[in-house]
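Q: Chains as they are written, first to last, in my numbering: chain B, 5 to 138; chain W, 887 to 1405.
Every residue, glycine too, gets a C-beta built ideally from N, C-alpha and C.
Keep in mind the model is a prediction, meaning the values are calculated, not measured.
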Amino acid sequence: MSSLRTAFAANQLLRRGFTTSSRMMEIFKVQSVQDFEEKVKKSDKPVIVDFFATWCNPCKMLTPRIESVIGEKKGQIALAKVDIDEHVDLALDYDVQSVPVLMVVQNGKVIKRLVGLQDTDKLRDWVDKAVDGK
Amino acid sequence: MLTIFNKRAIVRLVFCAGTGSRFGSTYKRNHNYDYDLIVIGGGSGGLACAKEAIQHGAKVACLDYVTPTPLGTKWGIGGTCVNVGCIPKKLMHQAALLGEGLHEATAYGWDIPNKEQIKPDWNKLVESVQNHIKSVNWVTRVDLRDKHVEYVNGLGSFKDAHTVVATLKNKSEKILTADKIVIAVGGRPNYPDIPGAIEHGITSDDIFSLDRAPGKTLVVGAGYIGLECAGFLKGLGYDATVMVRSIVLRGFDQQMATIVSDAMVERGINFLHKCIPKSVEKQADGKLLVKWLNTEANTEHSDVYDTVLWAIGRKGLVEDLKLENAGVVFKGTKIEVSEAEGTNVSNIFAVGDVIYGKPELTPVAIHAGRLLARRLFGGSTQTMDYVDVATTVFSPLEYACVGLSEEDAIKKMGGEENIEVYHGFYKPTEFFIPQKSVRYCYLKAVAERSGDQKVLGLHYVGPVAGEVIQGFAVALKAGLTIKTLFNTVGIHPTTAEEFTRLNITKRSGLDPTPASCCS
């Protein structure tokens, strides 16, 4: 369990190592319900919420894919990562039954959802549409 | 792979989505409490009861809280079975069986390079097992939310017969009232009262999430939990010793118990018979020095282990409940209940491992919990039948049984002369090629001696024992006779078919070892 978290953190660090500070703002881990309220629901640009669990292997495979796609968007869209075990009620409120779940939140509303592991091309296409407001 | 959950779990969730009531809301409220039902305990029995009550239109809260072990192990919702019982046990047993299978595979023509380098990775196994458990915890939470069971992560205790106090993690208290209350708090392992037991020993509550390989392990206790733990540890390559105070598998058929333990000895598991632990000390090198007494020879012994696991029995979790505030009578650490799972207080009931004198098995708790909810809120009158419940010991060579042991059958029928025991050794087909030992593959049917010979008990030691006995358990419940059993055509080649091939009685004194395979 802890080794999983470490691996996850290391992955984040590696990715952040060669990005700008604005990139750090684009991908963040939700710390609390209040944090979610401010950075996701009140965000003026669309935010992709990634509900994940440390015990979920498809989630671990999805992480680098969605992060690289978000990186390509150069700040047009942010990625908020929610550990469902740390924020159970938040995940349940958004009807997360199985993970991973991605959802696009715009102006506080869920625009669309994507359940399960996806390949990078599909993710890119899905994120592109979210950026275009479709 | 779409999601981490198996398809069935997802399908189940979809079908259950939206509560509604499949039976119509038969329940009519006639009280002013917060809830119709509070269930204390979110394990198999409690959850089944809570969910069933909801289906009948009741308003339900379910409390669940896990007090950490002395080592600090804790877990999520779902109770013993999911977190520290059947589920992780079966997975670790499977890991051990796979190791066995890997070595047999070469005999079947699999070319396994560097076979001698095959070794288990304990931490990887623990991680996989724990990941599965956490996914089940999540599904459970989602299920409760979908069904509108209010989940309270707090330790429940009684204030009075209708009021429950939930003590939350931050020590704050939440007061809930209900018309009816079901106690389903389950049980936890006992520790012996000897120096070093709590500080240095672990239990089945810790082993499945242990953050280091267990190494050389002393398992104290020879009930099914002790045997299963020693079995999978040995199967994973660790030195395992079982310390037995008096008998192996108390409560089970003793001939079968001996076969199970002999089969373990054949696999290299050590047994210390008639021994009781005296102390556990941590040495400078971190290893554990265990001293024990052989009660038969009255001699003292000692050895050094990496891990000491207590499997000396379990207690009901009544101590935190403050039962006296509600006036509920208890017996030791358990609660004695009526045929309808009622306590001495008319609105308080109990199901699962906390009740006195009933099988401590998940499916028993689930069934009892569900039937109880149907009686309380659905107008049902059906009570739980605790008789002839099949069970399996997941020892290296598994043992499953249903019905009476030979000893109990003799007692019930008033003497050996009134029962007939058909028995036989058998050779599983798949054991021949890798030349696995068939020495302990044995089964027997215990029956009445007269008439069509009603079957009283079935016992089987061998591969996939639970799968073998489950169907026969249905037959036994339906009144199986030896006549019917022998009129049944088997499936060849299976080991379950051996029940239909039994033809030698113990009374005949004939050799019960098999002659041929296909004739």
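1. Compare the C-beta of V1015/W with all C-beta atoms of chain B and state if any pair is closer than 8 Å.
2. Report the partner residues of C948/W according to the DSSP bridge assignment.
3. Using the three-state DSSP reduction, which class does T1315/W fall into: helix, strand or coil?
4. So with Cβ pairs under 8 Å, would you call Q101/B a contact of chain W?
5. CB E1227/W to CB V1240/W, shorter than 8 Å?
6. How many angstroms separate the CA atom of Q35/B from the CA atom of Q122/B?
7. Using 8 Å as the Cβ pair cut-off and three pairs as the minimum, do the stretch 1139-1154 of chain W and the stretch 1346-1353 of chain W touch?
8. Could you tell me whether the Cβ of K49/B comes closer than 8 Å to any Cβ of chain W?
9. Can you tell me the Cα-Cα spacing of K1298/W and T1370/W, whole angstroms?
10. By DSSP, does K126/B sit in helix, in strand, or in coil?
11. Under DSSP, the alpha helix (DSSP H) around Y1110/W begins and ends at which residues?
12. To the nearest angstrom, how far is it from the Cα of V1307/W to the Cα of K1330/W?
13. Name, please, each residue of chain W whose Cβ falls closer than 7 Å to the Cβ of L66/B.
14. For a contact defined as C-beta to C-beta under 9 Å, what are the partners of W961/W on chain B?
15. Alpha carbon to alpha carbon, how far is T1229/W from G1073/W? Give it in angstroms, no decimals.
16. Which full runs of the beta strand (DSSP E) of 3+ residues lie inside the stretch 70-129 of chain B, going along the chain?
17. Among L977/W, R1027/W and G928/W, which residue has its Cα nearest to the Cα of V1071/W?
18. Quick check on G21/B: does DSSP put it in helix, strand or coil?
19. Take I1377/W and list the residues in its own chain whose beta-carbon comes closer than 7 Å to its own, dropping the five residues that flank it on each side.
20. Quick check on R1031/W - is its C-beta less than 8 Å from some C-beta in chain B?
21. To test your reading of the DSSP string, which unbroken alpha helix (DSSP H) runs of 4 or more residues are found completely within the stretch 970-1036 of chain W?
22. Considering Cα atoms alone, identify which of K1244/W, A1108/W and I1067/W is closest to S1132/W.
23. Does the stretch 1190-1197 of chain W come into contact with the stretch 1091-1109 of chain W, if we say contact requires no fewer than three beta-carbon pairs (one atom in each stretch) closer than 8 Å?
24. Please list, in chain order, all residues of the same chain as V952/W whose beta carbon is under 6 Å from its beta carbon, the five residues on each side excluded.
25. Strictly below 8 Å CB to CB, what residues from chain B border R1027/W?
26. Which class does G931/W belong to by DSSP, given the choice of helix, strand or coil?
27. For the beta strand (DSSP E) containing L1366/W, name the first residue and the last one.
28. Can you round the beta-carbon distance between A1035/W and K1160/W to whole angstroms, since I take them to be within the 8 Å contact cut?
29. Restricting to Cα atoms, I'd like to know which of E1013/W, T1127/W, V1215/W and G1199/W is closest to V1190/W.
30. For R128/B, I'd like the list of residues in its chain whose CB is within less than 6 Å of its CB, leaving aside the five on either flank, ordered along the chain.
31. Do T67/B and D87/B come within 8 Å of each other at the CB atom, strictly closer than that value?
32. Tell me the DSSP bridge mates of L1344/W?
33. Relative to the C-alpha of L988/W, which residue among G1121/W, F1157/W and T1063/W is closest?
34. Ordered along the chain, which non-local residues of its own chain (more than five positions away) have a Cβ less than 7 Å from that of N1180/W?
35. In chain B, what lies closer than 9 Å to S1021/W by C-beta?
36. Say whether chain B places a C-beta atom closer than 8 Å to the C-beta of I1008/W.
A: For this structure:
1. Sequence index remark: in the second sequence, residue 1015/W carries index 129 (1-based). No, V1015/W does not count as interfacial toward chain B.
2. Here residue 948/W is taken as the residue at index 62 of the second sequence, counted from 1. Beta-bridge pairing links C948/W to V925/W and Y1037/W.
3. In the second sequence, the residue the question calls residue 1315/W occupies position 429. Note: T1315/W maps to helix in three-state DSSP.
4. The sequence position of residue 101/B within the first sequence is 97, counting from 1. So yes, Q101/B belongs to the interface.
5. If you number the second sequence from 1, residue 1227/W lands on position 341. If you number the second sequence from 1, residue 1240/W lands on position 354. Cβ distance not < 8 Å, so E1227/W and V1240/W don't count as in contact.
6. In the first sequence, residue 35/B corresponds to position 31, counting from 1. In the first sequence, residue 122/B corresponds to position 118, counting from 1. Roughly 25 Å separates the two Cα atoms.
7. The stretch 1139-1154 of chain W and the stretch 1346-1353 of chain W touch, with no fewer than 3 CB-CB distances between them shorter than 8 Å.
8. Working through the first sequence from its first residue, we reach residue 49/B at position 45. Residue contact with chain W for K49/B: absent (no Cβ-Cβ distance below 8 Å to any residue of chain W).
9. By one-based count along the second sequence, residue 1298/W stands at place 412. By one-based count along the second sequence, residue 1370/W stands at place 484. C-alpha separation (whole angstroms): 22 Å.
10. If you number the first sequence from 1, residue 126/B lands on position 122. Reduced to three states, the DSSP call for K126/B is helix.
11. Numbered from its first residue, the second sequence carries residue 1110/W at position 224. Here the alpha helix (DSSP H) through Y1110/W covers Y1110 to G1121.
12. Stepping through the second sequence from its first residue, residue 1307/W is reached at position 421. Stepping through the second sequence from its first residue, residue 1330/W is reached at position 444. Taking the straight line joining both Cα atoms gives about 7 Å.
13. Within the first sequence, numbered from 1, the residue matching residue 66/B stands at position 62. In chain order: nothing, as chain W lies at least about 11 Å away.
14. By one-based count along the second sequence, residue 961/W stands at place 75. Correct list: empty, because the minimum Cβ distance to chain B is about 12 Å.
15. On the second sequence, residue 1073/W is found 187 positions in, with the first residue counted as 1. On the second sequence, residue 1229/W is found 343 positions in, with the first residue counted as 1. Cα-Cα distance, rounded: 18 Å.
16. 82-87, 105-110 and 113-119
17. Residue numbering aside, residue 1071/W sits at position 185 when the second sequence is read from its first letter. Looking at the Cα atoms, G928/W is the closest of the given residues.
18. Here residue 21/B corresponds to residue number 17 of the first sequence, with the count starting at 1. Bear in mind that the predicted position of G21/B carries a pLDDT of just 42, short of 50, making it unreliable; the figure below should be weighed with that in mind. Helix.
19. In the second sequence, the residue the question calls residue 1377/W occupies position 491. Same-chain partners within the cutoff: E1383.
20. Locating residue 1031/W in the second sequence gives position 145, counting from the first residue. Judged by the 8 Å Cβ criterion, R1031/W is in contact with chain B.
21. 972-991 and 1008-1032
22. Residue 1132/W sits at position 246 when you count from the first residue of the second sequence. Measuring from the Cα of S1132/W, the nearest candidate turns out to be A1108/W.
23. yes
24. Mapped onto the second sequence, residue 952/W falls at position 66. The residues are K960 and W961.
25. Walking along the second sequence from the start, residue 1027/W turns up at place 141. Those within 8 Å of R1027/W in chain B are V92 and L96.
26. The count along the second sequence starts at 1 and reaches residue 931/W at position 45. Reduced to three states, the DSSP call for G931/W is helix.
27. Position 480 of the second sequence, counted from the start, is the residue given in the question as residue 1366/W. Note, L1366/W: premise wrong, no beta strand (DSSP E); not H, not E.
28. Looking up residue 1035/W in the second sequence gives position 149. Looking up residue 1160/W in the second sequence gives position 274. Before going on, a small fix: residue 1035/W reads as Val here, not Ala. So it is not a contact: roughly 49 Å between Cβ atoms.
29. Along the second sequence, one-based indexing puts residue 1190/W at 304. V1190/W has its Cα closest to that of T1127/W, out of E1013/W, T1127/W, V1215/W and G1199/W.
30. The residue labelled residue 128/B in the question sits at position 124 within the first sequence. For R128/B, where only same-chain residues beyond five positions count, the Cβ hits under 6 Å are V73.
31. In the first sequence, the residue the question calls residue 87/B occupies position 83. In the first sequence, the residue the question calls residue 67/B occupies position 63. No.
32. Residue numbering aside, residue 1344/W sits at position 458 when the second sequence is read from its first letter. According to DSSP, which records beta bridges pairwise, L1344/W is partnered with V1288/W and A1331/W.
33. As a working mapping, residue 988/W is identified with position 102 in the second sequence. Selected option, being the one with the closest Cα: G1121/W.
34. Here the question's residue 1180/W lines up with position 294 in the second sequence. Its chain contains K1160, C1161 and H1187 as the residues whose beta carbon lies nearer than 7 Å to that of N1180/W, once the 5 sequence neighbours on both sides are disregarded; these appear in chain order.
35. Locating residue 1021/W in the second sequence gives position 135, where the first residue counts as 1. Within 9 Å Cβ-Cβ: A57, W59, C60, S102 and V103.
36. Along the second sequence, one-based indexing puts residue 1008/W at 122. The question names Ile, yet the displayed sequence has Trp at residue 1008/W. So, not an interface residue.
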